[in-house]
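Asks: Last residue of the sequence shown: 1847 in the numbering used here, with the numbers rising by one and none dropped. Quick one: the structure is below, and I'll ask about it shortly.
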Amino acid sequence: MKQFGLIVVIFSGLLFGCSKTEIKPKKLTNYVNPFIGTDGPGNTYPGATVPFGMVQLSPDIGIPGWDRIAGYYYQDFIISGFSHMHLTGTGAGDLYDILVMPTNSKSSKRIKENNFKPFSSFSHDKETASPGYYSVDLLDYGIKAELTTTERTGIHRYTFPKDSLSQIHIDLGYALNWDSPTETYFNVVDNSTIEGYRKSTGWAKDQRVYFVIKVSKPFESYQLFKNDTLTTSPVTAKNTKIILEYATTEGEQIILKTGISSANIVGAHKSLAIEAPDFNFEVIKQRAEAKWEKELSKIEISTSNETKKHIFYTMLYQSMLAPTLLSDYNSNYKGANDSIIKAEGFDRYDTFSLWDTYRAAHPLYTILHPKRTSDMVNSLLAHYKETGLLPVWSMQGNETNMMIGYHAVPVIVDAYFKGIKNFDVELAFEACFASATDNSRQINEYMELGYVPVDEHHENWSVSKTLEYAYDDWCIAQFAKALGKTEAYNEFLKRSENWRNIYDSHSTFMRPKLKNGEFVKEFIPKEYSPYFCESNAWQYFWSVQHNIEGLTDIIGGKELFEKKLDTMFSLNPLPEDKLPIFSTGMIGQYAHGNEPSHHVAYLYNYVEKPWKTQELVREILETQYKNEPNGHCGNEDCGQMSSWYVFSALGFYPVNPAQGIYAFGSPIVDAATLNLENGKKFTVETKNNSSENRYIQTIELNGKIIERNYIEHTEIMEGGKLIFTMGNLPNKNSKNTMASSSKMYN
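Structure representation (structure tokens):
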């Protein structure tokens, strides 16, 4: 019996010991699915990068087309190589610089569709992607390809089978969609080092990527081509490529690392020397993952729904894929005036898709990345110093002039009022003023007439331009007021009301207007016409974020405003209606797949019907985002689509992006902690949360019930606790009020 008792004690001790074993929480990077958006209209890429990094090393199908704007399309089954730079979620077919492809004697297939480049079939069963890492088996060659990155370097690891004719192709002439090389250069330094550059044109007219490539195993020989003719090193031509030749043993690994700079080869050498001094692929991969884990940990959420957790962290991940670094380790970069500029005291960023990202992505950065936001504002001002104007849609040290508005303005003004002021404030105002008084893009007519008139251009976008300019003018007015510039304040405040000049009381829509002051005669609000930027009159009617009260009054009051909102979300397109490619994610006339609609569901807060906002926001969250390749209902657009989700999942959203307040919606997380850069924590708790319980019953902030439908930016940054209590029925007795859309709360 004593022996038995001893056994029981020992066994109990083992059980007790086991119960004390800590289960490590799952890494947040494990919840990220980089394949979301690689199918359907999302136009994302699955490859390796680090937060806001210069390098986006990702597979290229090698076949052009809208579906392959990001180089990759989930429905395809071939890979033509791995290029170092990609755009995330845009409609712009550019970049794809420095294509690398390993091959051997096992396949020599060529097809016209990818311009007769080497390629291999692949299977998604043999493909993996996670933050900072991508791998795929190239089935035709029996080669395993793995990719990882630092900020300014791309690292490839290729595992070869035994073959006496193994090769690594580096193709600078490779181009896709809008991209085209103008001048490329190779210099073979030695049997393990190659340097060069690729200059190209496309959407961005003057792109320059200088690079240095080092390989872990010296190549035995090489073939260098100038416009498809064998030549010797060095070589300069529009179309160049080099083939490195090896004999490999079974399972032999060769690592290729590429450092880049937009300024010069010296900067590219420094990228490698500092960020990837050796060939330890695993260490670099782990560092990339750690960088993502750190950034993702800025928001820690709890939810019993694993799918929602995967979507949330993928959206948080995708919100940090742009803007991207432009300056190298010497602080040099290719400027928008086509000269080499030195960034003094800040990292220079570019890839500013401002028509999209001013709405939610940049406001999200002011909460999660205020230090980086300072660098971004300085980058916008650097562009101004280089060109005399703030960027409209800038990329790789170029102005593309795509889209409309001068939306660097709300980004700068928002940062200023939120206390992110590590920039020259007077220069910033000067830049805002200059961009709003330039004679290009019909701003001269806008200033003269008080609206942008219709012209014969196929993308006149006159109504949209008027509305976007008026919003930006309101931002400048607030900036001027804060700086004591009374004359400018009065001027731009008056300009901010120019939206009234295109309001048509007969149709109750913003209507295109001729130079003589007459409205166009043929006008159907749901039609997609040249007068509206990627939208129709229904979608752009609400783009008066700075004066929703004025918009409510001009239409006849809150009841009529509510009815128009109701119709917006119920007037479904008919089968015979012609919907353009960007009109996706439709709920009635609301198009979540395109940015002008993004704030509209929140507008019921302004007419004392917040439960309708809550119902719609929850519907959008649960139907327009999925944890699958076809998981975006429209272009992801450099972080805007994902930032909408991050904000809305937490329960609030910046309707007026530069105002410093966030309107409440319907949170889907059970709890969230925002770990702020200032060391404080802001937590969100959602009681009784479920798909059915989508309506807010009460709101508590720091232990006190609040009767308002918004939270201020300062309240978040000071740390604290926000509690939503939810229910399955609308709380129509709530007295919660909405802040004025024009009053500054920063």
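For each residue, glycine too, the CB sits at the ideal point set by N, CA and C.
Quick one: Cα of valine 1290 to Cα of alanine 1772, how far?
Replies: Position 189 of the sequence shown, counted from the start, is the residue given in the question as residue 1290. Position 671 of the sequence shown, counted from the start, is the residue given in the question as residue 1772. The straight-line gap from Cα to Cα measures roughly 56 angstroms.
Asks: Under the three-state reduction of DSSP, which class applies to methionine 1416: helix, strand or coil?
Replies: Position 315 of the sequence shown, counted from the first residue, corresponds to residue 1416. Shown here, methionine 1416 sits in a helix according to DSSP, grouped into three states.
Asks: Taking Cβ positions, are tyrosine 1235 and proline 1152 nearer each other than 8 angstroms?
Replies: The residue labelled residue 1235 in the question sits at position 134 within the sequence shown. The residue labelled residue 1152 in the question sits at position 51 within the sequence shown. Inclusion of tyrosine 1235 and proline 1152 in the CB contact set at 8 angstroms is not warranted, their separation being larger than that value.
Asks: Which of helix, strand or coil does DSSP assign to glutamine 1387?
Replies: On the sequence shown, position 286 is the one that residue 1387 refers to. The answer is helix: DSSP assigns glutamine 1387 an H, G or I state.
Asks: Near serine 1597, what residues of its chain come up, given a Cβ to Cβ distance below 8 angstroms and the 5 sequence neighbours on each side ignored?
Replies: Your numbering for residue 1597 matches position 496 in the sequence shown. Contacts found: Ala1571, Tyr1572, Asp1574, Trp1575, Ala1578, His1647, Asn1648.
Asks: Check for me: the alpha helix (DSSP H) holding valine 1510 runs from which residue to which?
Replies: Indexing the sequence shown from 1 puts residue 1510 at position 409. From DSSP, the alpha helix (DSSP H) with valine 1510 extends over 1509-1518.
Asks: Enumerate in chain order the residues of its own chain whose CB-to-CB distance from phenylalanine 1670 is below 6 angstroms, with the five nearest sequence positions on each side excluded.
Replies: As a working mapping, residue 1670 is identified with position 569 in the sequence shown. So the qualifying residues of the chain are Ile1688, Gly1689, Tyr1691.
Asks: Could you say if the region 1660-1674 and the region 1726-1742 meet the contact criterion of at least three C-beta pairs nearer than 8 angstroms?
Replies: no
Asks: Taking only the alpha-carbon atoms, compute the straight-line gap between tryptophan 1643 and valine 1756 and give it to the nearest angstrom.
Replies: To locate residue 1643, count along the sequence shown from 1; it is residue 542. To locate residue 1756, count along the sequence shown from 1; it is residue 655. Distance between the alpha carbons of tryptophan 1643 and valine 1756: 11 angstroms.
Asks: Pairs of beta-carbons, one from the region 1415-1433 and one from the region 1126-1139, closer than 8 angstroms: are there three or more?
Replies: yes
Asks: For alanine 1364 and isoleucine 1468, which I take to be in contact (beta-carbon distance under 8 angstroms), what is that distance rounded to the nearest angstrom?
Replies: Start at 1 with the first residue of the sequence shown, and residue 1364 comes out as number 263. Start at 1 with the first residue of the sequence shown, and residue 1468 comes out as number 367. Alanine 1364 to isoleucine 1468, Cβ: 32 angstroms. No contact.
Asks: Just to confirm, are threonine 1302 and threonine 1283 a CB contact at a threshold of 8 angstroms?
Replies: The residue you call residue 1302 lines up with position 201 of the sequence shown. The residue you call residue 1283 lines up with position 182 of the sequence shown. Yes. Within cutoff.
Asks: Valine 1478 lies in the alpha helix (DSSP H); which residues open and close that run?
Replies: Counting from 1 along the sequence shown, the entry for residue 1478 is found at position 377. Unbroken alpha helix (DSSP H) run through valine 1478: 1471-1488.
Asks: Leaving out five residues before and five after alanine 1759 in sequence, what residues of the same chain have Cβ atoms less than 6 angstroms from its Cβ?
Replies: In the sequence shown, the residue the question calls residue 1759 occupies position 658. Cβ neighbours of alanine 1759 beyond the five flanking positions: Pro1511, Val1514, Asp1515, Cys1576.
Asks: Quick one: what does DSSP say valine 1806 is sitting in, helix, strand or coil?
Replies: Looking up residue 1806 in the sequence shown gives position 705. Correcting the residue identity first, residue 1806 is isoleucine in this sequence and not valine. Reduced to three states, the DSSP call for isoleucine 1806 is strand.
Asks: Give me the Cβ distance between tryptophan 1639 and lysine 1622, rounded to the nearest whole Å; I'm assuming they're in contact under 8 angstroms.
Replies: By 1-based counting over the sequence shown, the position of residue 1639 is 538. By 1-based counting over the sequence shown, the position of residue 1622 is 521. Contact doesn't hold; Cβ gap of about 19 angstroms is too wide.
Asks: For the region 1391-1452, which segments carrying the alpha helix (DSSP H) assignment without a break, of at least 4 residues, lie completely within its bounds, in sequence order?
Replies: DSSP runs (the alpha helix (DSSP H)) wholly in the region 1391-1452: 1407-1419.
Asks: From the DSSP output, which residues share a beta bridge with methionine 1611?
Replies: Against the sequence shown, residue 1611 aligns to sequence position 510. In the DSSP output, where bridge partners are listed per residue, methionine 1611 has Tyr1604.
Asks: Anyone know if the C-beta pair for valine 1201 and leucine 1357 falls short of 8 angstroms?
Replies: The sequence position of residue 1201 within the sequence shown is 100, counting from 1. The sequence position of residue 1357 within the sequence shown is 256, counting from 1. Yes, they are a contact pair.
Asks: Look up alanine 1246 in the DSSP assignment and say whether it is helix, strand or coil.
Replies: Residue numbering aside, residue 1246 sits at position 145 when the sequence shown is read from its first letter. Alanine 1246: strand per DSSP, three-state reduction.
Asks: Could you check the C-alpha separation between lysine 1595 and phenylalanine 1662 for me, to the nearest Å?
Replies: Looking up residue 1595 in the sequence shown gives position 494. Looking up residue 1662 in the sequence shown gives position 561. Approximately 24 angstroms, taken between the alpha carbons.
Asks: Closer than 8 angstroms, CB to CB, is threonine 1467 near chain B or not?
Replies: Going by chain labels, chain B is absent from the structure shown, which holds only one protein chain.
Asks: With a CB to CB cut of under 8 angstroms and the five nearest residues on each side skipped, what residues in its chain are close to arginine 1601?
Replies: Against the sequence shown, residue 1601 aligns to sequence position 500. The answer, listed in chain order, is Gly1651, Ile1655.
Asks: To which residues does DSSP link histidine 1733 through a beta bridge?
Replies: Sequence index remark: in the sequence shown, residue 1733 carries index 632 (1-based). Answer by DSSP bridge pairing, in chain order: Tyr1726.
Asks: Measuring CA to CA, which of Gly1694, Arg1460, Ile1343 is closest to serine 1744?
Replies: As a position in the sequence shown, residue 1744 is number 643, starting the count at 1. With distances taken between Cα atoms, serine 1744 lies closest to Arg1460.
Asks: Which of the three DSSP states, helix, strand or coil, is assigned to histidine 1270?
Replies: Indexing the sequence shown from 1 puts residue 1270 at position 169. If DSSP states are grouped into helix, strand and coil, histidine 1270 belongs with the strands.
Asks: By DSSP, does lysine 1788 sit in helix, in strand, or in coil?
Replies: As a first step, residue 1788 is located in the sequence shown; it is residue number 687 there, counting from the start. Note: lysine 1788 maps to strand in three-state DSSP.
Asks: Spatial neighbours of threonine 1349 within its chain, please: CB distance less than 6 angstroms, with the 5 preceding and 5 following residues excluded, ordered by chain position.
Replies: Residue numbering aside, residue 1349 sits at position 248 when the sequence shown is read from its first letter. The residues are Phe1261, Asp1264, Ser1267.
Asks: Which stretch, first to last residue, makes up the alpha helix (DSSP H) that contains methionine 1669?
Replies: In the sequence shown, residue 1669 corresponds to position 568, counting from 1. Counting along the chain, the alpha helix (DSSP H) containing methionine 1669 begins and ends at 1659-1669.
Asks: Sorted by chain position, which residues of the same chain lie with C-beta nearer than 6 angstroms to threonine 1452's C-beta, five sequence neighbours on each side aside?
Replies: Counting from 1 along the sequence shown, the entry for residue 1452 is found at position 351. Excluding residues within five positions, the ones whose Cβ falls inside 6 angstroms are Ala1423, Pro1424, Thr1425, Met1496.
Asks: Which one of Val1237, Gly1446, Lys1128, Leu1823 has the shortest CA to CA distance from isoleucine 1411?
Replies: Along the sequence shown, one-based indexing puts residue 1411 at 310. Looking at the sequence provided, one finds histidine at residue 1411 rather than isoleucine. When only C-alpha atoms are compared, the closest one is Lys1128.
Asks: Assign glutamine 1308 to one of three DSSP states: helix, strand, or coil.
Replies: Translated into positions along the sequence shown, residue 1308 becomes position 207. Annotated three-state conformation of glutamine 1308 is strand, per DSSP.
Asks: Taking the beta carbon of lysine 1443 as the centre, do at least 16 other beta carbons fall within 10 Å, making it buried, or is it exposed?
Replies: One-based indexing of the sequence shown puts residue 1443 at position 342. Lysine 1443 comes out exposed.
Asks: Quick one: Cα of tyrosine 1590 to Cα of leucine 1528, how far?
Replies: Taking the sequence shown and counting its residues from 1, the one referred to as residue 1590 is at position 489. Taking the sequence shown and counting its residues from 1, the one referred to as residue 1528 is at position 427. Taking the straight line joining both Cα atoms gives about 17 angstroms.
Asks: What is the DSSP secondary structure of asparagine 1859, reduced to helix, strand or coil?
Replies: Examination of residue 1859 is not possible in this model, given that the chain is present from 1102 through 1847 alone.
Asks: Which word fits alanine 1437, buried or exposed, when buried means at least 16 other C-beta atoms lie within 10 angstroms of its C-beta?
Replies: Here residue 1437 refers to the residue found at position 336 of the sequence shown. Buried, since its Cβ has 16 or more Cβ neighbours within 10 Å.
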